[in-house]
Structure formats: C-alpha cells, structure tokens
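Per the numbering used here, the sequence shown starts with residue 2, numbered consecutively.
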Amino acid sequence: MGKKANTAKDLKTFVNSKKCIMKPFTIYHTCHDSFSLLQKSLVDIIVKVTNPDMIFLLGVSLQRRKSESIFNEQAPSAQHISDCTLLILISDLSTNGLHEWQDKIENHCKRIMPVTTLVLKTATFQLWLKAGHQFALSAWNASPMLYHADSVCKEDILVAPAPVNNKDAAKQWEEGLSKAKEFLVGAELYRVRKQHKMSAFMLHQSAEHALLALLVTGTGYHPNTHSIDRLIRYGSLIAYQLPDVFPRKTDQDKRLFSLLQKAYIDTRYKEDYDITEEELLTLAEKVSRIHEILSITGAAFINKPLVCTQLSDVRQQTQDDI
C-alpha cells in the first residue's frame with residue numbers, strides 16, 4: 002500500500018491484528034462474551050452524552066458467588082462483571098470540567114452497571130503520547146479500544162519511546178508515602194488534643210497523598226481530585242485490596258467513609274461536621290492500611306522492569322502483513 006494509512010485505520014488494525022502485542026487482563030478474555038453484551042449499551046450511552054473520540058477499557062471487576070445447602074451441595078459458582086473503568090477522550094469539553102464530565106457519564110451509565118471514568122482532552126492525551134508519558138503509553142498499547150470516532154485524528158499520532166527507568170516514580174512514591182505518614186502523625190496529635198475536626202482533616206490528607214502516590218507510581222497518572230472515593234476506585238486498578246479497606250455495606254460503614262470523604266471541606270467550612278474519638282481511631286487504622294498497600298504495591302511497581310511495546314512496532318508488523 003503506497004498511501005499512508007490514517008490513524009483511524011491504524012487503530013482498527015492495532016486492535017484487530019492477530020500479531021498485536023496487546024495483552025489485556027485475564028478477565029477481559031475469559032468474560033469477553035459477557036462484557037460484549039454490556040459494551041454496546043455503555044458505548045451508546047457515552048456517545049450520546051459526550052460525543053467522544055475514543056473509549057478505552059482500563060479494567061473490570063468480576064464478582065463470583067457460590068451457594069450450597071443441605072439440599073444441594075454441588076451448586077456451581079456464578080459470576081458476572083460487576084463494574085468497569087473507562088478512559089474517555091473528548092475533543093471539546095465545552096463549558097464542563099473533567100470532573101463534571103466524569104460524574105455525568107457515570108450517572109448515565111449506572112443503570113447498566115457501575116462505571117468509573119477517567120476523562121481527558123484528546124489533545125492532552127496526544128501530547129502525553131509524544132512525551133512518552135507512562136499512563137498514555139500503557140492505555141494506548143494495552144487497553145482494549147471499545148470505540149473510536151471515524152473522524153478523529155486524520156494524521157498519525159506520534160508515540161515516543163517508553164521511559165527506561167523508574168527513577169521519577171520511585172521519588173514520587175517515597176515522597177508521597179513520607180507525606181502520608183506525616184499527616185497521620187498530625188491526625189494523632191490533633192486527636193489527643195481533642196481537636197477532632199483537624200484530626201479528621203489530617204486523616205483525609207494522609208489517605209489522599211497515599212492514594213495519589215500509589216496512582217502515580219503504578220500508572221503515571223495524577224488525578225486532580227480530593228475525592229477519596231474516586232481515588233480508591235482509580236487505585237483499585239493497581240491494588241485490588243483497596244475497596245475492601247472501606248466496605249460500605251452497613252449504615253455504620255457508610256457513615257465512617259462519608260466522614261472521611263467529606264473531611265477535606267466540611268471540617269473547615271461546616272459547623273455541623275461531627276466525628277467521635279472512636280471513629281477517628283477506626284479511620285486511622287484504615288488509613289494505615291492504605292499506607293501498607295502503598296508500601297507493598299508501590300515497591301513492587303518500582304522494582305518491575307519497564308516494558309512497554311510501542312504502537313509503531315505493531316504498525317510495522319501490520320504493514321508487513323499487508
């Protein structure tokens with residue numbers, strides 16, 4: 002083929018090529034048929050709400066259930082995809098911010114299934130690819146593409162080589178963990194002084210900095226949010242243990258998490274924010290658990306070799322096939 006293929010065609014080739022080195026997570030393969038049934042509905046909703054350029058699947062959760070009884074001891078286990086995380090690229094954000102788009106998409110999708118979204122401007126994502134940004138390269142080279150607009154990116158997207166070491170990630174991990182621990186010390190000091198609101202604020206900051214450090218270390222992405230809920234959902238892409246730190250099954254569970262979630266603003270600006278010493282102690286234990294997860298998981302990512310197959314290699318393979 003003498004004429005250079007446009008990016009839209011390259012993307013289709015990238016996803017469909019048998020020689021593509023894309024290796025998504027195991028659940029994507031084992032439950033592909035099940036997810037395909039949901040995929041069309043989710044994509045239709047997102048396209049209607051946002052008119053995106055591209056949609057990537059970053060991760061999914063699989064829920065298993067097995068029931069046995071005195072009447073049936075050989076009941077097979079049942080499983081279904083319970084939620085997913087999507088990267089959505091949009092050219093025109095209009096007057097909405099990224100957070101507003103994320104909330105809007107998630108609210109529309111929840112009637113199908115719980116969805117966590119990460120929305121970026123397409124131009125930003127392209128710049129990251131050119132700069133060899135870890136998150137952009139990982140999404141571009143490994144994520145299943147659920148949708149791309151035919152009109153998007155008429156010229157080839159340039160992709161820079163992957164970074165050769167983890168020095169920056171190691172530094173951010175160490176600094177993030179250090180800050181998180183200092184905030185936890187501050188929370189204990191304010192608790193002893195009976196300044197419960199300040200203690201709760203410090204706990205929020207401790208959790209936030211730990212989760213941010215985990216995300217930057219594991220994915221290269223630094224979200225601009227103070228939402229512990231969103232940070233935990235993003236963080237579960239790296240550390241599966243995170244959602245279990247804050248189960249939200251009982252009213253007490255929900256109240257405890259809400260106290261931490263709202264602590265960033267309400268402890269400073271709301272007179273009716275009220276938290277007990279017992280609740281502070283319980284939250285401190287949970288935040289410490291997040292620190293443990295950061296320490297173990299972050300260290301594993303830092304010591305992991307950086308291997309990131311370039312799309313240009315895949316393109317060359319497919320061109321050779323043609």
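Glycine included, C-beta positions come from ideal geometry on N, C-alpha and C.
Considering His100, what are the terminal residues of the alpha helix (DSSP H) in which it resides?
Unbroken alpha helix (DSSP H) run through His100: 99–110.
Three or more C-beta pairs under 8 Å: does that hold for the region 238–246 against the region 174–184?
In short, these stretches do not touch, since the Cβ pair count stays below three.
Kindly indicate which residue of Leu260, Glu69, Thr86 has the alpha-carbon position closest to the one of Ile43.
Checking the sequence, you will find Leu at residue 43 rather than Ile. Checking every option, the nearest Cα to that of Leu43 belongs to Thr86.
Can you tell which of Ser95, Asn52, Pro115, Ile71 has the C-alpha that lies nearest to the C-alpha of Gly60?
That would be Pro115, whose Cα lies nearest to the Cα of Gly60.
To the nearest angstrom, how far is it from the Cα of Ala214 to the Cα of Arg231?
So the alpha carbons of these two residues sit roughly 14 Å apart.
State the start and end residues of the unbroken beta strand (DSSP E) segment that holds Ser237.
Where Ser237 is concerned, there is no enclosing beta strand (DSSP E), given that its DSSP letter is neither H nor E.
Rounded to whole angstroms, what's the CA-CA distance from Glu98 to Lys168? Just pull it up for me.
First, the amino acid is wrong: residue 98 is Gly here, not Glu. Going from the Cα of Gly98 to the Cα of Lys168 covers about 32 Å.
Kindly indicate which three-state DSSP category Thr118 falls into: helix, strand or coil?
Here Thr118 sits in strand by DSSP.
Thinking just about the alpha-carbon of each residue, which of Ile91, Ile71, Leu58 is nearest to the one in Lys49?
Among Ile91, Ile71, Leu58, the Cα nearest to that of Lys49 is on Ile91.
Could you pull out every residue in the same chain whose Cβ sits closer than 8 Å to the Cβ of Lys67, ignoring the five residues on either side in sequence?
Answer for Lys67: Ala76, Pro77, Ser78, Ala79, listed in chain order.
Using DSSP's beta-bridge definition, name the partner residues of Met55.
In the DSSP output, where bridge partners are listed per residue, Met55 has Leu90, His149.
I believe Leu88 touches Ser144 by the beta-carbon criterion, under 8 Å. Please report the beta-carbon distance rounded to the nearest angstrom.
Yes, Leu88 and Ser144 are in contact; Cβ-Cβ is about 7 Å, under 8 Å.
Reducing DSSP to helix, strand and coil, say where His292 ends up.
His292 falls in the helix class under three-state DSSP.
Within 10 angstroms of the Cβ of Thr218, are there 16 or more other Cβ atoms? Answer buried if so, exposed if not.
Buried is the call here.
Rounded to the nearest angstrom, how far is the Cβ of Val284 from that of Leu260, given a contact under 8 Å?
For the record, residue 284 in the displayed sequence is Leu; it is not Val. With a Cβ gap of about 7 Å, Leu284 and Leu260 count as contacting.
Do you know how far the Cα of Tyr265 is from the Cα of Asp273?
Roughly 14 Å separates the two Cα atoms.
Closest to Phe57 by C-alpha separation, out of Asp252, Glu107, Tyr148, Trp129, would be which residue?
The shortest Cα separation from Phe57 among Asp252, Glu107, Tyr148, Trp129 belongs to Tyr148.
At the level of alpha carbons, what is the spacing between Ser296 and Leu94?
Distance between the alpha carbons of Ser296 and Leu94: 36 Å.
Is the Cβ-Cβ distance between His223 and Glu209 less than 9 Å?
It is not a contact, given that the beta carbons lie outside the stated cut-off.
Across which residues does DSSP place Thr81 in a beta bridge pair?
Thr is not the amino acid found at residue 81; the sequence shown has His there. Paired residues: Gln64.
Compute the Euclidean distance between the alpha carbons of Ser333 and Tyr235, then round it to the nearest angstrom.
Nothing about residue 333 can be reported from this structure: the residues present for the chain run from 2 to 323 only.
Which value, in whole angstroms, describes the spacing of the CA atoms of Gln40 and Thr220?
If you take the alpha carbons of Gln40 and Thr220, they lie about 24 Å apart.
Give the straight-line distance between the Cα atoms of Met23 and Asn142, rounded to the nearest whole angstrom.
Reliability of the predicted coordinates at Met23 is poor, the pLDDT of 49 falling under 50, and the value obtained from them is presented with this limitation in mind. So the two alpha carbons sit approximately 6 Å from each other.
For my contact list, Ile303 and Ala211 are in at a C-beta cut-off of 8 Å; report their separation, rounded to the angstrom.
The Cβ separation is near 15 Å, so there is no contact.
Between the alpha carbons of Thr118 and Trp102, how many angstroms are there, rounded?
Going by the C-alpha atoms only, they are around 9 Å apart.
Have a look at Leu130 and Thr123 and give me their C-alpha separation to the nearest angstrom.
Answer to the nearest angstrom: the Cα atoms are 11 Å apart.
Measuring only the C-alpha atoms, how far is Thr277 from His197?
Distance between the alpha carbons of Thr277 and His197 is about 7 Å.
What residue does the alpha helix (DSSP H) around Lys172 start on, and which one ends it?
168–193 is the extent of the alpha helix (DSSP H) around Lys172.
Roughly how many whole angstroms lie between the Cα atoms of Val193 and Ala201?
Taking the straight line from one Cα to the other gives about 12 Å.
Who are the near neighbours of Asp1 in its chain, counting only those whose CB is closer than 6 Å to its CB and skipping five residues on each side?
One cannot answer for residue 1 here, as it falls past the ends of the chain, which runs 2 to 323.
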